[in-house]
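Working notes for the structure below.
Number of protein chains: 2
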Amino acid sequence: MHILIIGAAGMIGRKLTAALLADAGVGGHGITRMTLADVAEPALPATTIPVSTRAADLAAPGAAAKLVAGRPDLIFHLAAIVSGEAEADFDKGYRINLGGTQALLEAIRAEAAQEPYCPRLIFTSSIAVFGAPFPAVIGDDFLTAPLTSYGTQKAIGELLLNDYSRRGFVDGVGIRLPTVVIRPGAPNRAASGFFSGILREPLAGMEAVLPVSRDTRHWFCSPAAAVGFLTHAAAMDTAALGARRSLSVPGLSATVAEEIAALERVAGTKAVQLIREEPDEVIARIIAGWPQTFSATRALALGFRADASFDAIIRQHIEVELGGRIG
Amino acid sequence: MHILIIGAAGMIGRKLTAALLADAGVGGHGITRMTLADVAEPALPATTIPVSTRAADLAAPGAAAKLVAGRPDLIFHLAAIVSGEAEADFDKGYRINLGGTQALLEAIRAEAAQEPYCPRLIFTSSIAVFGAPFPAVIGDDFLTAPLTSYGTQKAIGELLLNDYSRRGFVDGVGIRLPTVVIRPGAPNRAASGFFSGILREPLAGMEAVLPVSRDTRHWFCSPAAAVGFLTHAAAMDTAALGARRSLSVPGLSATVAEEIAALERVAGTKAVQLIREEPDEVIARIIAGWPQTFSATRALALGFRADASFDAIIRQHIEVELGGRIG
Numbered sequence: 001m002h003i004l005i006i007g008a009a010g011m012i013g014r015k016l017t018a019a020l021l022a023d024a025g026v027g028g029h030g031i032t033r034m035t036l037a038d039v040a041e042p043a044l045p046a047t048t049i050p051v052s053t054r055a056a057d058l059a060a061p062g063a064a065a066k067l068v069a070g071r072p073d074l075i076f077h078l079a080a081i082v083s084g085e086a087e088a089d090f091d092k093g094y095r096i097n098l099g100g101t102q103a104l105l106e107a108i109r110a111e112a113a114q115e116p117y118c119p120r121l122i123f124t125s126s127i128a129v130f131g132a133p134f135p136a137v138i139g140d141d142f143l144t145a146p147l148t149s150y151g152t153q154k155a156i157g158e159l160l161l162n163d164y165s166r167r168g169f170v171d172g173v174g175i176r177l178p179t180v181v182i183r184p185g186a187p188n189r190a191a192s193g194f195f196s197g198i199l200r201e202p203l204a205g206m207e208a209v210l211p212v213s214r215d216t217r218h219w220f221c222s223p224a225a226a227v228g229f230l231t232h233a234a235a236m237d238t239a240a241l242g243a244r245r246s247l248s249v250p251g252l253s254a255t256v257a258e259e260i261a262a263l264e265r266v267a268g269t270k271a272v273q274l275i276r277e278e279p280d281e282v283i284a285r286i287i288a289g290w291p292q293t294f295s296a297t298r299a300l301a302l303g304f305r306a307d308a309s310f311d312a313i314i315r316q317h318i319e320v321e322l323g324g325r326i327g
Numbered sequence: 001m002h003i004l005i006i007g008a009a010g011m012i013g014r015k016l017t018a019a020l021l022a023d024a025g026v027g028g029h030g031i032t033r034m035t036l037a038d039v040a041e042p043a044l045p046a047t048t049i050p051v052s053t054r055a056a057d058l059a060a061p062g063a064a065a066k067l068v069a070g071r072p073d074l075i076f077h078l079a080a081i082v083s084g085e086a087e088a089d090f091d092k093g094y095r096i097n098l099g100g101t102q103a104l105l106e107a108i109r110a111e112a113a114q115e116p117y118c119p120r121l122i123f124t125s126s127i128a129v130f131g132a133p134f135p136a137v138i139g140d141d142f143l144t145a146p147l148t149s150y151g152t153q154k155a156i157g158e159l160l161l162n163d164y165s166r167r168g169f170v171d172g173v174g175i176r177l178p179t180v181v182i183r184p185g186a187p188n189r190a191a192s193g194f195f196s197g198i199l200r201e202p203l204a205g206m207e208a209v210l211p212v213s214r215d216t217r218h219w220f221c222s223p224a225a226a227v228g229f230l231t232h233a234a235a236m237d238t239a240a241l242g243a244r245r246s247l248s249v250p251g252l253s254a255t256v257a258e259e260i261a262a263l264e265r266v267a268g269t270k271a272v273q274l275i276r277e278e279p280d281e282v283i284a285r286i287i288a289g290w291p292q293t294f295s296a297t298r299a300l301a302l303g304f305r306a307d308a309s310f311d312a313i314i315r316q317h318i319e320v321e322l323g324g325r326i327g
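Those sequence lines, one after another, are chains D and Z. Using the working numbering, you'd call the opening residue of the first sequence number 1 and step up by one each time. Using the working numbering, you'd call the opening residue of the second sequence number 1 and step up by one each time.
So this is what it looks like as structure tokens:
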């Protein structure tokens, strides 16, 4: 099986690559070849499996066709301009998040026009496809009414994925990723960054800023759970999806106060004291439009599984990113 | 007020043009100028109001910019490839229904970048944005999960309209038109054509084909009600819409049997006997995925009104299209 990962240099892309190579397969099929693509050429992982790396701007003319020309059996499309940047740069967000996705789907369709071809395509959507007002628990039939350009671009990607799958051009699955915590490394331009920051920085002995009130509730998964959703989607029987190819996957619903309580249980009072409250009206307003709790009924029935607890998410970060040591 | 109608030569476009000219205004604002555009140049209506006509393919490079250069205050975007044709010709459907709408929104944004400009834009969406399985009554929070490429293109148009409106580039309202009956004139390539045909042909003394079973239920409005939805949307206070700019408007829910019973009440047994059953599996399968009944709660609260009855719809057709005489 030949696997193509677009957006392979990002946080999820790197962890997904590592998980796939560690398993050397997906759903009982061995990996014969991997292609890793991103705007900047991804690092070559250490493995005996043949891996090629490519620098490619998915939205540039011809770029998607080149990536698909190798006829990968399984494609992960993770490439995106994040929410904060897509809101700040309207043209860039539409060009990459909408135009790039369209280019990829069209390239797959063009490839199929030559010779039968219908790869499994895993599209990372986002809970940002939903916008307030919400019911107490968001069911699988709730409308996608995004309140950001990023969410709009992802919701459009879901619609295209459904239509191209219905037409038989691709075998698509969209995964609406919860907000991933704890993101390792430097903050990115996502408005959700502080949800990770208030855990990550104290665990490294550094101060963190909390821009919203402690009763702010949101929907989360760990990096390992996010990778698990994607590999599960790659191996699942898509017949069960019918025409609705995107899934709200099971996350953890938690308030900022619950995050902080978990941090205190795992890392002690000293860590919690490093969180400094600094209200930011702009961030608070963006977050107020975000979803808090999903039923994830379909995804649960299809075998997708949530993290066990916020304590487990924090311990995963300490183990994987900090070598077991709190700073 | 300068009004631009894109898709002015179509059935709804012509009736809308006539209604606007008859009222000589919208929402208390007089019409100073009208521009009528379509793929083929629309006919010039008889009026003292200055009207210009244009042949324009909205998706062609530069076409949208030319239409918007006159800075119309109110734009009706009715142009579309209908469902049957968009399903048969994938590329054409996406080029016009998605590409054309994107081009229009971008042309408006580009115009605003020169000098402040934020026209009211009425976008004709469709109940085809919804797809089975459905609840008994479709509420305003139900997801858009279209089962046709046409419905997909309209659902994407709605998302773009929301985002461009939220950003302040346009003041958009999307109207999800019910299936319009009785469409006058020749059948078009919409799969819904027979819903009109089984009334229109017998009223003209001609035989009509019924391709689905009589218990098939669907959601309807008359041509006059459709025009009324569009003019009401043009005059309404859009603040009440918030970020959800598209509305499921109040139609009539009726079965084919109820349609035929109304025909019998208005036009007698002789008319009904002209309906010949000729089951068509392809049409039946398409229609099975279509919605049947909506709550239309938001639209009703905003003053949108349904037709009184199917009898009234049939009488309207006899009056307006047949000069009061049944064939």
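Cβ atoms here follow ideal geometry from the backbone N, Cα and C, with glycine treated the same way.
Who are the near neighbours of Ala80(Z) in its chain, counting only those whose CB is closer than 6 Å to its CB and skipping five residues on each side?
-> For Ala80(Z), where only same-chain residues beyond five positions count, the Cβ hits under 6 Å are Asn97.
Could you tell me whether the Cβ atoms of Ala59(Z) and Gly99(Z) are closer together than 7 Å?
-> yes
Close Cβ partners of Glu201(Z) (< 7 Å) along its chain, the five nearest in sequence each way excluded | Glu207, Ala208 and Leu274
Going by C-alpha distance, which of Cys221(D), Ala112(D) and Gly242(D) is nearest Arg166(D)?
-> Per the Cα distances, Gly242(D).
Hey, quick one: how far does the beta strand (DSSP E) through Thr124(Z) stretch, first residue to last?
-> Arg120 to Ser126
Taking only runs of the beta strand (DSSP E) that begin and end inside the region 79-162 of chain D, which ones reach a length of at least 3 residues, in chain order?
-> 120-126
What did DSSP end up calling Glu277(Z) once you bin it into helix, strand or coil?
-> Strand at Glu277(Z).
Ser196(Z) lies in the alpha helix (DSSP H); which residues open and close that run?
-> Gly193 to Leu203
Nonlocal neighbours in the same chain, by C-beta distance under 8 Å from Ser309(Z), ignoring five residues either side | Leu252 and Ala262
In chain order, what residues of the same chain lie with their CB nearer than 6 Å to the CB of Val256(Z), ignoring the 5 residues before and after it?
-> Arg214 and Thr216
If you drop the 5 nearest sequence neighbours on each side, which residues of the same chain put their C-beta closer than 8 Å to that of Lys92(Z)?
-> Ile81, Glu85 and Ala86
Test: Arg244(D) CB closer than 7 Å to a CB of chain Z = yes
Taking C-beta pairs closer than 7 Å, name the residues in chain D that Asp141(Z) reaches, listed in chain order.
-> Phe142 and Leu143
In chain order, what residues of the same chain lie with their CB nearer than 8 Å to the CB of Ala235(D), ignoring the 5 residues before and after it?
-> Cβ contact annotation for Ala235(D) (same chain, cutoff 8 Å, sequence separation greater than five): Val26, Gly27 and Gly28, in chain order.
Is Asp73(D) helix, strand or coil by DSSP?
-> coil
Taking His232(D) as the reference, give the member of Trp219(D), Pro250(D) and His218(D) with the closest Cα.
-> Pro250(D)
Minimum C-alpha distance to Thr238(D) - residue among Ser126(D), Phe294(D), Phe195(D) and Pro119(D) = Sorting Ser126(D), Phe294(D), Phe195(D) and Pro119(D) by C-alpha distance to the C-alpha of Thr238(D) places Pro119(D) at the top.
At a Cβ threshold of 7 Å, is Ser126(D) touching chain Z?
-> no
Within 10 angstroms of the Cβ of Ser149(D), are there 16 or more other Cβ atoms? Answer buried if so, exposed if not.
-> buried
For Leu210(Z), I'd like the list of residues in its chain whose CB is within less than 8 Å of its CB, leaving aside the five on either flank, ordered along the chain.
-> Once the five neighbours on either side are set aside, the close Cβ partners of Leu210(Z) are Phe194, Ile198, Val256, Ile275, Arg276, Glu277 and Glu278.
Opposite Arg217(Z) in the DSSP bridges: which residues?
-> Paired residue(s): Thr255(Z).
Neighbour list for Asn162(Z) in chain D, Cβ cutoff strictly below 8 Å = Residues of chain D with a Cβ closer than 8 Å to the Cβ of Asn162(Z) are, in chain order, Ala145, Pro146 and Thr152.
Where Ile175(Z) and Leu247(Z) are concerned, what is the direct C-alpha to C-alpha distance, given to the nearest angstrom?
-> 5 Å
Segment limits, beta strand (DSSP E) that includes Gly328(Z) | Lying outside 1 to 327, the shown extent of chain Z, residue 328(Z) is not represented and no answer is given.
Which first and last residues belong to the alpha helix (DSSP H) in which Leu300(Z) is found?
-> Start and end: Thr297 to Ala301.
Looking at Ser196(D) and Ala128(D), is the spacing between their C-beta atoms short of 7 Å?
-> No, the pair does not count as a contact, with Cβ atoms beyond the cut-off.
Listed by chain order, chain Z residues near Ser196(D) by CB distance under 9 Å | Result: empty, since nearest Cβ-Cβ is about 26 Å, beyond 9 Å.
Cα-Cα, which of Leu230(D), Gly151(D) and Ala225(D) is closest to Ala191(D)?
-> Gly151(D)
Return helix, strand or coil for Arg166(Z), following the three-state DSSP convention.
-> Helix.
Do you know offhand how far Ile6(D)'s Cα is from Ala254(D)'s?
-> The straight-line gap from Cα to Cα measures roughly 31 Å.
Do you know offhand how far Leu20(D)'s Cα is from Ala288(Z)'s?
-> Cα-Cα distance, rounded: 41 Å.
C-beta neighbour in chain D for Leu159(Z), strict 7 Å = yes
Would you call the CB atoms of Asn162(D) and Arg109(D) closer than 7 Å?
-> no
Any idea what DSSP makes of Val68(D), helix, strand or coil?
-> helix
What is the residue span of the beta strand (DSSP E) that Met11(Z) lies within?
-> No beta strand (DSSP E) contains Met11(Z), which is instead part of the alpha helix (DSSP H) from Met11 to Asp23.
Is it buried or exposed for Asp23(Z), if we count other Cβ within 10 angstroms and need 16 for buried?
-> exposed
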